[in-house]
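Residues in the sequence shown are numbered from 1 upward in steps of one, following full-length UniProt numbering.
Have a look at the structure below before the remarks.
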Amino acid sequence: MPVRPTPAVRRAATGEESPVARTRRARRIHQALLERYPYAHCELDFETPLQLLVATVLSAQTTDVMVNTVTPTLFSRWPTAQALAEADREEMEAVLRPTGFFRAKTNSVITLAQAVVERFGGEVPGGLEDLVTLPGVGRKTANVVLGNAFGVPGITVDTHVGRLARRWGWTQETDPVKAERDIAALIPRKDWTMMSHVVIFHGRRTCFARKPACGACPVTRWCPAYGEGETDPTAARALLKFELAPGAVLPDPPPGPLPDEA
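Shown next as structure tokens:
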């Protein structure tokens, strides 16, 4: 059976939680997710910073799985920023068509590549300040590239991270930049990239927007939103989307409850 939240955690839902208690709770959630998803990683396939940058731009309004079906052809045909910048639009549109909004995405990729060539000599910059000056690149995309291609810690506030952070009471902000600031205050900087991965994995596989699988969740004891979704363990486990992680084995439920924490 899932472990219900303690009274202290339920108080978090009313805004009565101290900053110290919130930090402690956030780090316990993070640790539980690391244990649940030890294989969590960026699900966009890439070999270079340029490939990850372009793939992240293409991931808008589609899935990483879909992006991964087109990028091998894309990068085989146009392997460098210079080649992408000079690409024939109709040819690229044909390659990107499966991702949706292919005309707009073609324009975004070509414009982005031109900026990389003209301003950075064809090499993707490794700093946040430079990355966010590129057309179509905001903090979310920049942090994906920094964390996964350059090893620079970054928090990726995508739809999953934003939703779960609000559900857990880590932030109340809907603005990604403000949410990033609040989350950064709770999690050590060295853990930001992996924290983003495990939260995204959890959002895709367990803690869904419409019907979270509360009864099969490893962080119920620390979640003030427990009960918003399916709490029956059997029914909840049927909702899990672990097929997104080939070979993954469903873990056992978390151990017994912790004592109440004031």
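Ideal Cβ placement from N, Cα and C applies to all residues, glycine included.
Limits of the alpha helix (DSSP H) - the one that S196 falls within: Counting from 1 along the sequence shown, the entry for residue 196 is found at position 196. W192 to R205 is the extent of the alpha helix (DSSP H) around S196.
Length at least 4, wholly inside the UniProt domain "HhH-GPD" (58 to 205): the alpha helix (DSSP H) runs in chain order: 64 to 77, 81 to 85, 89 to 96, 102 to 120, 128 to 131, 139 to 145, 159 to 167, 176 to 184 and 192 to 205
Supposed close pair S134, L112 - CB separation, criterion 8 angstroms: The count along the sequence shown starts at 1 and reaches residue 134 at position 134. The count along the sequence shown starts at 1 and reaches residue 112 at position 112. At residue 134 the sequence reads Leu, which differs from the Ser that was named. Right, their Cβ atoms sit about 6 angstroms apart.
Nearest-angstrom Cα separation, counted from L44 out to T56: Within the sequence shown, numbered from 1, the residue matching residue 56 stands at position 56. Within the sequence shown, numbered from 1, the residue matching residue 44 stands at position 44. Taking the straight line joining both Cα atoms gives about 7 angstroms.
Residues in its own chain within less than 8 angstroms of R139 by CB, not counting five upstream and five downstream? By 1-based counting over the sequence shown, the position of residue 139 is 139. Hits under 8 angstroms: L128, V132, V157, P176, V177 and E180.
For E86 and M92, what's the separation of their Cα atoms in angstroms? Working through the sequence shown from its first residue, we reach residue 86 at position 86. Working through the sequence shown from its first residue, we reach residue 92 at position 92. Each residue's Cα considered, the two are about 11 angstroms apart.
When the distance is taken between beta carbons, is R210 closer than 8 angstroms to K241? Here residue 241 corresponds to residue number 241 of the sequence shown, with the count starting at 1. Here residue 210 corresponds to residue number 210 of the sequence shown, with the count starting at 1. Their beta carbons are not under 8 angstroms apart, which means K241 does not touch R210 by this criterion.
Reference A238, options E228, G215 and W222, closest by Cα: For this step, residue 238 is matched to residue 238 along the sequence shown. Of the candidates E228, G215 and W222, the one whose C-alpha sits nearest the C-alpha of A238 is G215.
If we call anything under 8 angstroms between Cβ atoms a contact, is I29 one with V219? Numbered from its first residue, the sequence shown carries residue 29 at position 29. Numbered from its first residue, the sequence shown carries residue 219 at position 219. Cβ distance < 8 angstroms, so I29 and V219 count as in contact.
Under 8 angstroms between the Cβ atoms of M170 and I183? As a first step, residue 170 is located in the sequence shown; it is residue number 170 there, counting from the start. As a first step, residue 183 is located in the sequence shown; it is residue number 183 there, counting from the start. One detail in the question is off: residue 170 reads as Trp in this sequence, not Met. Their beta carbons are under 8 angstroms apart, which means W170 touches I183 by this criterion.
Give a yes or no on whether the C-beta atoms belonging to Y37 and H202 are separated by under 8 angstroms. Within the sequence shown, the letter at position 37 stands for residue 37. Within the sequence shown, the letter at position 202 stands for residue 202. The answer is yes: Cβ separation under 8 angstroms.
Could you tell me the distance, in whole angstroms, from the CA atom of R167 to the CA atom of F150? Counting from 1 along the sequence shown, the entry for residue 167 is found at position 167. Counting from 1 along the sequence shown, the entry for residue 150 is found at position 150. Approximately 30 angstroms between the Cα atoms of the pair.
Leaving aside the five residues before and after D64 along the sequence, list all residues of the same chain whose C-beta is less than 7 angstroms from its C-beta, in chain order. Looking up residue 64 in the sequence shown gives position 64. Excluding positions up to five away in sequence, the list reads E43 and L44.
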